[in-house]
Amino acid sequence: MLIQENVPLAPLTTLKVGGPARYFVQAYTIAEVSEAVSLARSRNLALLVLGGGSNLVISDAGWPGLVLKITIPGIEERSQGDKSLFEVGAGEEWDKFVAHAVSRNCSGIECLSGIPGSVGGTPVQNVGAYGQEVAETIESVLALDLKDGQVHELCKEACSFRYRTSIFNTSERGRYIILRVTYALTPGGEPAILYADLKKYFGGWNTQPSLATTREVVRQIRASKAMLITPGDEDCRSAGSFFKNPVLSDEQYKEVSNRAAAKGLQIPSYPALQAQRKISAAWLVEHSGFRKGYGNKRAGISRKHALAIVNRDNATAADIVALKEEIQRRVEEVWRLRLETEPVFVGF
Ligand code: EPU
Numbered sequence: 002m003l004i005q006e007n008v009p010l011a012p013l014t015t016l017k018v019g020g021p022a023r024y025f026v027q028a029y030t031i032a033e034v035s036e037a038v039s040l041a042r043s044r045n046l047a048l049l050v051l052g053g054g055s056n057l058v059i060s061d062a063g064w065p066g067l068v069l070k071i072t073i074p075g076i077e078e079r080s081q082g083d084k085s086l087f088e089v090g091a092g093e094e095w096d097k098f099v100a101h102a103v104s105r106n107c108s109g110i111e112c113l114s115g116i117p118g119s120v121g122g123t124p125v126q127n128v129g130a131y132g133q134e135v136a137e138t139i140e141s142v143l144a145l146d147l148k149d150g151q152v153h154e155l156c157k158e159a160c161s162f163r164y165r166t167s168i169f170n171t172s173e174r175g176r177y178i179i180l181r182v183t184y185a186l187t188p189g190g191e192p193a194i195l196y197a198d199l200k201k202y203f204g205g206w207n208t209q210p211s212l213a214t215t216r217e218v219v220r221q222i223r224a225s226k227a228m229l230i231t232p233g234d235e236d237c238r239s240a241g242s243f244f245k246n247p248v249l250s251d252e253q254y255k256e257v258s259n260r261a262a263a264k265g266l267q268i269p270s271y272p273a274l275q276a277q278r279k280i281s282a283a284w285l286v287e288h289s290g291f292r293k294g295y296g297n298k299r300a301g302i303s304r305k306h307a308l309a310i311v312n313r314d315n316a317t318a319a320d321i322v323a324l325k326e327e328i329q330r331r332v333e334e335v336w337r338l339r340l341e342t343e344p345v346f347v348g349f
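Heads up: the sequence shown begins at 2 in this note's numbering, then just goes up one per residue.
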């Protein structure tokens with residue numbers, strides 16, 4: 002394993018901010034992951050595990066310890082009952098896997114097309130979009146447990162998936178390194194046309210769109226919101242949604258919608274878990290005095306989606322954090338709600 006020193010991390014993220022890694026290694030195999038963990042332990046280096054870098058804000062100081070980039074490859078398919086199981090290396094590019102599943106005519110993740118990042122990152126925050134989330138199709142997760150040094154296969158129930166959370170970013174944060182994810186997809190299954198944007202698109206169609214068409218349309222919708230990485234488009238230099246959509250109790254929801262009604266507004270919301278509602282964070286941002294495109298030369302809100310903070314030109318992590326705090330402050334003043342950030346902050 003090649004150990005590099007002072008490796009810039011910004012190019013390894015979609016937001017492109019942050020300082021260097023003091024030490025940096027890439028692991029192509031499970032054995033190499035274990036080796037890197039031992040190395041960090043023996044030299045007393047703080048370990049940062051890096052996947053696709055699509056949901057990360059790295060501090061300007063960078064990472065003082067060892068950064069381990071997971072590059073484990075491979076997509077293997079086998080049948081189990083009426084499902085096709087795909088065992089996918091954590092280092093595979095997520096969208097490449099979605100394209101592969103669609104080309105095999107297997108449904109279950111077609112609406113998750115065009116999401117940047119690696120397969121290993123998908124269980125962590127239970128990636129979701131357009132009415133699907135990975136919790137619906139993940140069968141199990143193979144992970145190295147840093148507590149006992151063993152590799153464990155965690156079944157989906159053990160992962161405790163909820164909206165944008167799992168054990169990997171809550172109760173057991175930092176404990177596991179994800180090595181491989183097994184997806185159970187449905188051969189010949191129908192695409193999930195559940196989300197308003199997709200229903201609108203396919204509204205006039207009298208035949209069911211194919212998985213491939215659904216994938217293309219999802220990518221088009223994402224591109225129109227600058228949520229598809231398009232080289233040269235500065236609105237894509239982001240970490241995706243910077244804030245989570247707040248999940249409110251019925252009581253909190255009533256209070257917020259009354260506050261909106263007093264301004265003659267109606268807040269977009271979706272049913273969430275039992276007796277809860279999820280409201281649009283993008284809407285809250287836009288109704289707290291920010292317009293799309295707000296900001297300065299370096300950092301701003303995307304011109305195409307109010308929930309993305311973008312690195313316009315040579316932004317620092319400090320620029321991004323200052324804008325995040327300004328947004329949180331104003332939203333809290335106007336709506337008495339604290340927006341929670343969605344990306345992972347490292348080295349702060
Ligand atoms: N809206 C605005 N202003 C905007 C954009 C949206 O007011 O600039 C309002 C509109 O009312 C719109 C509603 O927000 O109908 C929902 O917008 P959108 O469909 O774009 O979805 P979102 O709730 O903002 C979530 C996920 C995205 C995912 C989309 C599509 C979160 C935090 N974000 O965004 O995920 O792609 O739904 O399903 O849950 C990500 O997590 O990084 C991410 C991009």
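C-beta atoms are modelled at their ideal positions from N, C-alpha and C, and glycine is treated no differently.
heavy atom of the ligand EPU below 6 Å from residue i C-beta
i	result
Ser281	yes
Ala227	no
Asn312	no
Lys245	yes
Trp353	What is shown of the chain runs 2 to 349, which leaves residue 353 out entirely.
Tyr271	no
His153	no
Glu341	no
Gly121	no
Ala261	no
For residue i, three-class secondary structure by DSSP
i	result
Ile76	strand
Asp236	helix
Pro12	helix
Thr231	coil
Thr166	strand
Gln221	helix
Val34	helix
Ser55	coil
Val128	coil
Leu285	helix
Tyr24	strand
Residue i - containing beta strand (DSSP E), residue span
i	result
Val18	Taken as a continuous stretch (DSSP letters only), Val18 belongs to no beta strand (DSSP E), as it is neither H nor E.
Tyr271	270 to 272
Arg278	277 to 280
Ser250	248 to 250
Tyr149	Per the sequence shown, residue 149 should be read as Asp rather than Tyr. Counting along the chain, Asp149 falls outside any beta strand (DSSP E), and DSSP gives it neither H nor E.
Leu199	Leu199 -> not in any beta strand (DSSP E); alpha helix (DSSP H) instead, spanning 197 to 203.
Ala185	177 to 188
Ala307	Note, Ala307: premise wrong, no beta strand (DSSP E); not H, not E.
Asp159	At residue 159 the sequence reads Ala, which differs from the Asp that was named. No beta strand (DSSP E) holds Ala159; the alpha helix (DSSP H) holding it covers 157 to 160.
Ile302	300 to 302
Bounding residues of the alpha helix (DSSP H) (the contiguous stretch that carries residue i)
i	result
Glu334	318 to 336
Leu46	Where Leu46 is concerned, there is no enclosing alpha helix (DSSP H), given that its DSSP letter is neither H nor E.
- Item | Entirely enclosed beta strand (DSSP E) segments - the stretch 59 to 124, minimum 3 residues | 64 to 71, 76 to 81, 84 to 90
- Task: Could you say if the stretch 309 to 316 and the stretch 24 to 39 meet the contact criterion of at least three C-beta pairs nearer than 8 Å?
- Result: no
- Task: Report yes or no: do three or more beta-carbon pairs, one from the stretch 73 to 83 and one from the stretch 151 to 169, lie closer than 8 Å?
- Result: no
- Message: For the stretch 133 to 148 against the stretch 167 to 182, do three or more pairs of beta-carbon atoms, one drawn from each stretch, fall closer than 8 Å, so that the two count as touching?
- Response: yes
- Task: Could you tell me whether the stretch 105 to 120 touches the stretch 156 to 176, where touching means 3 or more Cβ pairs closer than 8 Å?
- Result: no
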